[in-house]
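Remarks on the structure that follows.
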Amino acid sequence: MLAADAGHHELIEKLIDLGASVRAEDSQGRTALSRACEAGHVRAAKALMDRGADASHRDGRSLTCGQLAEQFGHSQQLMQLISGQSEKPKCQKFFNLMM
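Per my numbering, the very first residue in the sequence shown carries number 281; after that it's consecutive.
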């Protein structure tokens with residue numbers, strides 16, 4: 281999760297390749313994807329989503345990663361990169377969660 285907080289997308293990829301779970305939660309129910317979105321780390325969020333992170337996960341306050349990004353002023357940045365993905369279902373899911 282610290283790699284997500286700091287936006288270290290390459291480290292995130294390596295950790296997941298070594299067996300780290302994209303579903304792990306902190307004490308507030310936030311996943312690495314939640315924390316990357318909250319901090320506005322677009323490449324980290326993309327790396328996590330590419331490896332199966334659940335954009336519909338809700339943290340302890342019932343917020344999705346999209347809602348966290350919006351709350352902290354990062355929704356535009358995140359949506360621009362994520363919308364460029366070739367996997368349209370993931371993109372659509374992310375956009376739907378923003379509404």
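Where a beta carbon is used, it is the ideal one built from N, C-alpha and C, also for glycine.
Residue state for H354 is assigned as coil, using DSSP reduced to three classes. Per DSSP, the continuous alpha helix (DSSP H) segment holding R323 begins and ends at V322 to D330. Excluding its 5 nearest sequence neighbours in each direction, G332 has C-beta neighbours in its own chain below 7 Å: V302, listed in chain order.
When the beta-carbon positions are compared, A284 and A316 come within less than 7 Å of each other.
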